[in-house]
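K.L.:
Handing you this structure, nothing more for now.
Shown next as structure tokens:
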């Protein structure tokens with residue numbers, strides 16, 4: 001799975017779950033400041049992203065996440081870590 005694939009999935013989740021316009025969802029968009037994603041919403045987002053990784057996501061992996069690109073990078077690392085150990 002590429003970073004572009006992950007970004008596209010995140011965009012879809014943000015649109016469907018949080019009713020955020022696609023034009024607002026850019027890699028540089030800050031989750032809280034730009035997209036109004038609070039800590040409760042972030043938990044919902046992580047739950048929805050779990051199938052991409054295929055295992056339980058540890059909240060620690062997302063503590064430093066501030067932008068959409070941070071989410072993409074964190075998931076990309078988890079997906080590739082899972083693939084390397086498969």
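Residue numbers (the working numbering): 1 to 86.
Note that CB positions come from ideal geometry on N, CA and C, so glycine has one too.
(1) In whole angstroms, give me the CA-to-CA distance for residue 5 and residue 66.
(2) Which residue wins for smallest C-alpha separation from residue 39, given the options 24, 59, 52?
(3) Confirm, please, whether the CB-CB distance from residue 68 to residue 10 is below 9 Å.
(4) With DSSP run on the structure shown, which of helix, strand or coil describes residue 30?
(5) Can residue 36 and residue 62 be called in contact, C-beta distance under 9 Å?
P.N.:
Here's the rundown:
(1) Reading the chain shown from its first residue, position 5 is the one you call residue 5. Reading the chain shown from its first residue, position 66 is the one you call residue 66. The C-alpha of residue 66 is placed about 19 Å away from the C-alpha of residue 5.
(2) For the purposes of this step, residue 39 is identified with residue 39 of the chain shown, where counting begins at 1. Of 24, 59, 52, the residue nearest in Cα terms is 59.
(3) Sequence index remark: in the chain shown, residue 10 carries index 10 (1-based). Sequence index remark: in the chain shown, residue 68 carries index 68 (1-based). Yes, they are a contact pair.
(4) For the purposes of this step, residue 30 is identified with residue 30 of the chain shown, where counting begins at 1. Of the three classes helix, strand and coil, the one that applies to residue 30 here is strand, per DSSP.
(5) On the chain shown, residue 36 is found 36 positions in, with the first residue counted as 1. On the chain shown, residue 62 is found 62 positions in, with the first residue counted as 1. Against a cut-off of 9 Å, the Cβ pair of residue 62 and residue 36 comes out as no contact.
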